[in-house]
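Mind the numbering: the sequence shown is residues 4 to 436 in this note's numbering, read in order.
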Amino acid sequence: MRMVDLIAKKRDHIELTTEEIEWMIRNYTDKVIPDYQMSAFLMAVVFNGMTPAERLALTQAMVGSGEVVDLSAIEGIKVDKHSTGGVGDKTSLILGPLVASMGVPVAKMSGRGLGHTGGTLDKLESISGMTIELDMERFIEQVNEIKLAIIGQTGNLAPADKYLYALRDVTATVESIPLIASSIMSKKIAAGADAIVLDVKFGAGAFMKTLEDAKQLAQAMVEIGRDAQRQTVAFLTDMNQPLGLAIGNALEVKEAIETLKGHGPKDLEELVLQLASQMVVLAKKAPDVETAYEQLKEKLHRGEAFNKFKEFVQAQGGDVAQIENPDLLPKADSIIPVKASQSGYVHQIDALSIGLAAMKLGAGRATKDDMIDMAVGVVLDKKVGDSVGEGDVLAYIHANRVDNEEAIAYIQKAYCICKDPVCPPTLIYDVIA
Ligand code: URA
Numbered sequence: 004m005r006m007v008d009l010i011a012k013k014r015d016h017i018e019l020t021t022e023e024i025e026w027m028i029r030n031y032t033d034k035v036i037p038d039y040q041m042s043a044f045l046m047a048v049v050f051n052g053m054t055p056a057e058r059l060a061l062t063q064a065m066v067g068s069g070e071v072v073d074l075s076a077i078e079g080i081k082v083d084k085h086s087t088g089g090v091g092d093k094t095s096l097i098l099g100p101l102v103a104s105m106g107v108p109v110a111k112m113s114g115r116g117l118g119h120t121g122g123t124l125d126k127l128e129s130i131s132g133m134t135i136e137l138d139m140e141r142f143i144e145q146v147n148e149i150k151l152a153i154i155g156q157t158g159n160l161a162p163a164d165k166y167l168y169a170l171r172d173v174t175a176t177v178e179s180i181p182l183i184a185s186s187i188m189s190k191k192i193a194a195g196a197d198a199i200v201l202d203v204k205f206g207a208g209a210f211m212k213t214l215e216d217a218k219q220l221a222q223a224m225v226e227i228g229r230d231a232q233r234q235t236v237a238f239l240t241d242m243n244q245p246l247g248l249a250i251g252n253a254l255e256v257k258e259a260i261e262t263l264k265g266h267g268p269k270d271l272e273e274l275v276l277q278l279a280s281q282m283v284v285l286a287k288k289a290p291d292v293e294t295a296y297e298q299l300k301e302k303l304h305r306g307e308a309f310n311k312f313k314e315f316v317q318a319q320g321g322d323v324a325q326i327e328n329p330d331l332l333p334k335a336d337s338i339i340p341v342k343a344s345q346s347g348y349v350h351q352i353d354a355l356s357i358g359l360a361a362m363k364l365g366a367g368r369a370t371k372d373d374m375i376d377m378a379v380g381v382v383l384d385k386k387v388g389d390s391v392g393e394g395d396v397l398a399y400i401h402a403n404r405v406d407n408e409e410a411i412a413y414i415q416k417a418y419c420i421c422k423d424p425v426c427p428p429t430l431i432y433d434v435i436a
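Here it is in structure tokens:
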């Protein structure tokens, strides 16, 4: 086989066989195929797409390029959740304990934040003492004991995806639905889940800018999951404003705690309950989503999900006193209001700009080796649909730096205020199964 022939096939819209795709991924991972040939192939995919059979073969070849986590020692159906990334998305912190409180085993491997979106591991590390490094034996033991463990990705999961993603990043070939779908699904399948719930976000702060693109991506991932014998359900959710009110590591943990006690922002609580209902049904712990929803709501409002979170924090070495009293979490030196320069109604809050404001304050990383400040971030005071008067507070920044002008400017730019009233946006547009 020759790589040049596979590039030509893709250029000429001829379907590649599973054997050809396996050969290509194996030889690229082994550094036999050079980056320049793989770049040409990827660009041909960007233009010509992939058939469902090619997409599946690519996903499975990437899964096969490394280790596959064996979670068979955990009793029950393991359901994982993945979000395509957004601003203020702290759902995993709430979903994990909530779903675990229903007896569903949650063995989750999470990532760190990069750019304007945050990562679950960083948020967890704002709790003193919390470790996200457990060996596989302890990870499995903890899930069997308390139904929940969240750790950083261990081992060598889908290394082909890691190499390909780095190449796509510098060759303008990230924006391809089959490449994104196979990239995400290869990691989820390699992480050992039996079933997968996906939160595909669209809007200014998300990877997918339009509902139509998000729908196509969701459909592609659901089909890959089904063909790989992993039942997969995808939600299409709005990211035209941040989720909840808090953006920043410790601030998001605090909001997650409030939500676990049943006092969280309504949009966040609703999304969590909907995602969790699907997870519970996939795990066969409830007959349908309506029943699951009611049971989960009770778990939140009776404090059982909160108690599960405390159990989880304790099991991973974290300071439970900070969970019982979130004022003990890292706190910024100053809290500065950002005010509206005109009156009207909030029509949009550009989540990307808010994410960039949080980054400027030190809450996120520009490169993967940057240090982050756990205490800083943004707390919104107004959301889409709210009325504002000139001089009213739109948001508060929690800052440890002296110069916050850029962050303030990003927040002011993020708010689109118009004269006419507007309804709060729909959060969940569709569920694809
Ligand atoms: N996230 C991934 O993991 N892969 C992509 O290709 C895009 C987003």
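Even glycine gets a Cβ: it sits at the ideal position worked out from N, Cα and C. Remember, predicted model here, so these are calculated numbers, not experimental data.
Contact between the stretch 152-168 and the stretch 53-71 (3+ Cβ pairs under 8 Å): yes
8 Å Cβ shell around SER42 - same chain, five flanking residues per side excluded: LEU170, THR174 and THR176
Rounded Cβ spacing between LEU151 and THR123 (contact assumed at less than 8 Å): No, LEU151 and THR123 are not in contact; Cβ-Cβ is about 13 Å, not under 8 Å.
Closer than 8 Å: PHE210 CB and nearest the ligand URA heavy atom: yes
Supposed contact pair SER346 and LYS416 - C-beta distance, whole angstroms, cut 8 Å: With 8 Å as the limit, LYS416 and SER346 do not qualify as a contact, their Cβ atoms being about 18 Å apart.
DSSP state of GLN156 mapped onto helix, strand, coil: coil
Counterpart residues of VAL341 in DSSP-defined beta bridges: ALA398
Beta-ladder partner(s) of LYS204, from DSSP: THR240
Three-state secondary structure (DSSP) of MET374: coil
Limits of the alpha helix (DSSP H) - the one that GLY99 falls within: 94-103
Any non-hydrogen atom of the ligand URA closer than 8 Å to ARG171 Cβ: yes
ASP336, buried or exposed, once every other Cβ within 10 Å from all chains shown has been counted against 16: exposed
Nearest-angstrom Cα separation, counted from THR20 out to LEU9: 10 Å
ILE339 and LEU383 closer than 9 Å at C-beta: no
Neighbourhood of ALA295 by C-beta distance below 7 Å, restricted to the same chain and skipping five residues each side: SER280, VAL283, VAL284 and ALA289
Strand pairing of HIS439, partner residues [DSSP]: Any property of residue 439 remains undetermined from this structure, which presents the chain solely from 4 to 436.
Start-to-end residues for the alpha helix (DSSP H) that takes in LYS111: LYS111 -> not in any alpha helix (DSSP H); beta strand (DSSP E) instead, spanning 109-113.
Option in ASP15, MET6 and PRO37 with minimal Cα separation from GLU22: MET6
Distance between PHE312 and ASP322 (C-alpha atoms, nearest Å): 12 Å
Residues with C-beta closer than 5 Å to any heavy atom of the ligand URA, in chain order: ILE183, SER186 and ILE187
Local Cβ density within 10 Å of PRO100, reported as buried at 16 or more and exposed below that: buried
Counted within 10 angstroms of its Cβ, other Cβ atoms place LYS34 as buried (16 or more) or exposed: exposed
Selection from ARG14, GLY380 and GLU18 that minimises the alpha carbon distance to TYR413: GLY380
Anticipated Cβ contact below 8 Å, LYS93 with LYS126, distance rounded: 6 Å
Whether MET105 touches LEU299 by CB criterion (9 Å): yes
The beta strand (DSSP E) enclosing ILE143, as first and last residue numbers: Note, ILE143: premise wrong, no beta strand (DSSP E); alpha helix (DSSP H) at 139-149.
Same chain only: Cβ atoms within 7 Å of VAL316, ignoring 5 sequence neighbours per side: ILE130, MET133, VAL323 and ILE326
For GLN234 and ALA194, believed in contact at Cβ under 8 Å, the rounded distance: Not a contact, Cβ separation roughly 15 Å.
Span of the beta strand (DSSP E), counted from its first residue to its last, around VAL381: 380-383
Residues that DSSP places opposite LYS84 in a beta bridge: VAL200
Nearest-angstrom beta carbon gap, ASP270 and THR429 [assumed within contact, 8 Å]: Actually they do not touch by this definition, with Cβ atoms about 10 Å apart.
Separation of ILE143 from LEU74, as counted between CA atoms: 7 Å
Neighbourhood of PHE44 by C-beta distance below 8 Å, restricted to the same chain and skipping five residues each side: MET6, LEU9, ILE10, LYS13 and MET27
The alpha helix (DSSP H) enclosing ILE411, as first and last residue numbers: 408-417
Any 3 or more C-beta pairs closer than 8 Å across the stretch 394-411 and the stretch 366-379: yes
Residue from VAL275, ASP389 and VAL107 whose Cα sits closest to the Cα of ILE431: VAL275
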